[in-house]
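Chemist: Shown below is the structure under consideration.
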Amino acid sequence: MLDILILGMLSLRPLSGYDLGKWMDGPGRFIGYRVSLPQVYRTLGKLVDRGLVEFEVDARAGKPDAKVYRLTDAGRRAYLDWAQSPYEPAPRPMDPDFMLRFMFAGMLGRGTAIEVLRTELDYRLAQVRTPTRVDELKGALAPISEIDGGWAAEVLRAAHEQGRASTASYIGWLQVTLADFENRPED
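Dropping the structure here:
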């Protein structure tokens, strides 16, 4: 996925590896996809080898030179092929793949952003309609002697409730964002 993130960022403007890493530690950290600067540089090297990005050396007075990367035609095509391919939600709510798809495919236009949001929302609504019977766990537990089964069931129930609350909040964001995008006049 890091290759897609980099191609998506380079679709906006040329960037150095350092600038990509800085973005991922700043605004990009909320995507939920954590990477280190060495990972960024390794991936950039692989993208250069595959002919998807190229770079120019930017000489900087008093500072180390920087490689500034940009998409090649093949990189542009790879990015567009991915962005225009069908989106399939991951089973895990709030998976970073959704935010990557929403951001980097959604930038292609209102219709694409709406389609990605609608697909994710429909999947999450179907997911929460499936009943979960956490209360049945207590009777089914046979823990080791150091664990109290009743207490374990309480901890599991609390964790489950936090997950459902987070998912409900996420669904709310999907609904509001979808409504906002659908109600915007077309350009």
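Each residue of the sequence shown is one higher than the last, beginning at 109 in this note's numbering.
Where is the CB? At the ideal position from N, CA and C, for every residue including glycine.
It should be emphasised that the depicted structure is a prediction, and the values quoted were computed from it without experimental measurement.
(1) Got a sec, what are the start and stop residues for the alpha helix (DSSP H) ALA287 sits in?
(2) In angstroms with no decimal places, state the Cα-to-Cα distance between ALA174 and ARG168.
(3) For TYR177, list the residues DSSP reports as bridge partners.
(4) Can you give the Cα-Cα distance for SER124 and TYR177, rounded to whole angstroms?
(5) With DSSP collapsed to three states, give me the class of ILE139.
(6) If you drop the 5 nearest sequence neighbours on each side, which residues of the same chain put their C-beta closer than 7 Å to that of THR115?
(7) What residue does the alpha helix (DSSP H) around LEU297 start on, and which one ends it?
(8) Below 9 Å between beta carbons: does that hold for SER274 and MET202?
(9) From PRO204, TYR126 and ALA198, pick the residue whose C-alpha is nearest to that of ARG137; which is it?
(10) Under a three-way DSSP split, which group does THR151 fall into?
(11) Using CA atoms only, rank isn't needed, just tell me which of ASP288, ALA287, SER119 and ALA267 is closest to ALA191.
(12) Excluding the 5 residues preceding and the 5 following GLY129 in the sequence, name in chain order all residues of the same chain whose CB lies nearer than 7 Å to its CB.
(13) Which term fits GLU228, buried or exposed, when burial requires 16 or more other beta carbons within 10 angstroms of its beta carbon?
(14) Taking only beta-carbon positions, decide if SER144 is within less than 9 Å of chain B.
(15) Does the separation of the CB atoms of VAL156 and GLU164 fall below 9 Å?
(16) Given that a residue counts as buried once 16 or more other Cβ atoms are within 10 Å of its Cβ, and exposed if not, what is ARG232?
Modeler: By the coordinates alone:
(1) Position 179 of the sequence shown, counted from the start, is the residue given in the question as residue 287. Where ALA287 is concerned, the enclosing alpha helix (DSSP H) stretches over 257-291.
(2) Here residue 174 refers to the residue found at position 66 of the sequence shown. Here residue 168 refers to the residue found at position 60 of the sequence shown. Looking at the two C-alpha atoms, the distance is approximately 7 Å.
(3) Within the sequence shown, numbered from 1, the residue matching residue 177 stands at position 69. In the DSSP output, where bridge partners are listed per residue, TYR177 has LEU123 and PHE163.
(4) In the sequence shown, counting from the first residue as 1, residue 124 sits at position 16. In the sequence shown, counting from the first residue as 1, residue 177 sits at position 69. Looking at the two C-alpha atoms, the distance is approximately 6 Å.
(5) Mapped onto the sequence shown, residue 139 falls at position 31. Correct three-state label for ILE139: helix.
(6) By one-based count along the sequence shown, residue 115 stands at place 7. One point to set straight first is that residue 115 is Leu, not Thr, in the sequence displayed. Cβ neighbours of LEU115 beyond the five flanking positions: LEU160, LEU179, GLY183, ALA186 and TYR187.
(7) The displayed coordinates of the chain run from 109 to 295. Any statement about residue 297 would go beyond what the structure contains.
(8) Position 166 of the sequence shown, counted from the start, is the residue given in the question as residue 274. Position 94 of the sequence shown, counted from the start, is the residue given in the question as residue 202. Yes, Cβ-Cβ distance for SER274 and MET202 is below 9 Å.
(9) Counted from its first residue, the sequence shown places residue 137 at position 29. ARG137 has its Cα closest to that of PRO204, out of PRO204, TYR126 and ALA198.
(10) Indexing the sequence shown from 1 puts residue 151 at position 43. If DSSP states are grouped into helix, strand and coil, THR151 belongs with the helices.
(11) Stepping through the sequence shown from its first residue, residue 191 is reached at position 83. Ranking the options by Cα distance to ALA191, first place goes to SER119.
(12) Your numbering for residue 129 matches position 21 in the sequence shown. Same-chain partners within the cutoff: LEU145 and VAL148.
(13) Residue mapping note: residue 228 aligns to position 120 of the sequence shown, counting from 1. That one is buried.
(14) Among the protein chains of the structure shown there is no chain B, as only one such chain exists.
(15) Here residue 156 is taken as the residue at index 48 of the sequence shown, counted from 1. Here residue 164 is taken as the residue at index 56 of the sequence shown, counted from 1. It is not a contact, given that the beta carbons lie outside the stated cut-off.
(16) One-based indexing of the sequence shown puts residue 232 at position 124. Looking at its Cβ environment, which holds 16 or more other Cβ atoms inside 10 Å, ARG232 is buried.
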